[in-house]
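Read the structure below first, then the notes.
In my numbering, the protein residues as written are 4 to 186.
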């Protein structure tokens with residue numbers, strides 16, 4: 004089964020929806036507003052997602068329903084990791100009711116295809132919490148290889164894995180550049 008997913012720049016309404024997503028433990032570390040749904044925290048996080056530097060895109064089904072969030076750039080990095088230039092960092096969040104349903108490969112492939120088409124980086128990079136075995140299996144099945152592990156700087160100081168996937172459509176000497184905001 005193939006799931007048609009498109010990426011579009013995140014709208015304010017979508018950003019608010021994403022910020023309010025709640026995950027069950029142990030995946031609650033992915034709650035963007037971890038301490039409940041305080042309006043000031045929500046507004047701050049929505050503004051961050053809408054900042055062009057975050058390069059946030061909605062993952063949409065053919066009917067335009069929000070399925071997930073994709074970010075391209077430093078938003079995909081975790082404080083404490085070593086991130087040399089030359090790779091495009093990607094971050095992904097799925098709508099909580101879609102996790103654990105074997106749909107991740109469709110979301111990841113849509114992101115990889117988008118990055119390959121719009122981002123002249125010689126490699127793609129993701130950072131995943133070491134406990135998140137299902138996400139690690141997913142990205143490794145898509146050709147990402149572990150290149151480093153580290154302990155995050157923020158409490159509770161979790162272990163993370165950095166994985167890299169060369170982009171075969173790009174030359175290694177290509178400079179990494181930004182993601183277009185209008186796709």
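Ideal placement from N, C-alpha and C gives every residue a C-beta, glycine not left out.
Problem - Through-space distance from residue 106 to residue 96, alpha-carbon basis - result: 12 Å
Problem - Environment of residue 60 [buried if 16+ CB atoms lie within 10 Å] - result: buried
Practice task
Mark residue 128 as exposed unless 16 or more other C-beta atoms lie within 10 angstroms of its C-beta, in which case mark it buried.
Solution key: buried
Exercise for the section: State the DSSP-derived secondary structure class of residue 60, mapped to helix, strand or coil. Expected result: strand
Exercise for the section: Quick one: using the 10 Å Cβ neighbour count with 16 as the cut-off for buried, is residue 125 buried or exposed? Expected result: buried
Problem - At least 3 beta-carbon pairs within less than 8 Å: the region 147–160 vs the region 67–86 - result: yes
Exercise for the section: State the beta-bridge partners of residue 166 as determined by DSSP. Expected result: 129 and 149
Problem - residue 104 and residue 132 closer than 7 Å at C-beta - result: no
Handout entry: Closest residue to residue 92 among 22, 74, 43 and 113 (Cα-Cα distance)
Key = 74
Exercise for the section: Grab me the residues of residue 51's own chain with a C-beta within less than 7 Å of its C-beta, minus the 5 sequence neighbours each way, in chain order. Expected result: 57
Practice task
Flag this pair as yes or no: are the beta carbons of residue 18 and residue 69 separated by less than 7 Å?
Solution key: no
Handout entry: Candidates 81, 119, 6 and 122, of which the one nearest residue 159 by Cα
Key = 81
Handout entry: Where the beta strand (DSSP E) containing residue 137 begins and where it ends
Key = Here residue 137 belongs to no beta strand (DSSP E); instead the alpha helix (DSSP H) covers 136–144.
Problem - C-alpha distance - residue 108 paired with residue 46, whole-angstrom precision - result: 31 Å
Problem - Given residue 14 as reference, the closest of 71, 166 and 39 once Cα atoms are compared - result: 71
Problem - Three-state class that DSSP yields for residue 11 in the structure shown - result: strand
Handout entry: Per-residue DSSP class, three states only, for residue 85
Key = coil
Problem - Cβ-based burial, residue 170 [other Cβ within 10 Å; buried from 16] - result: buried
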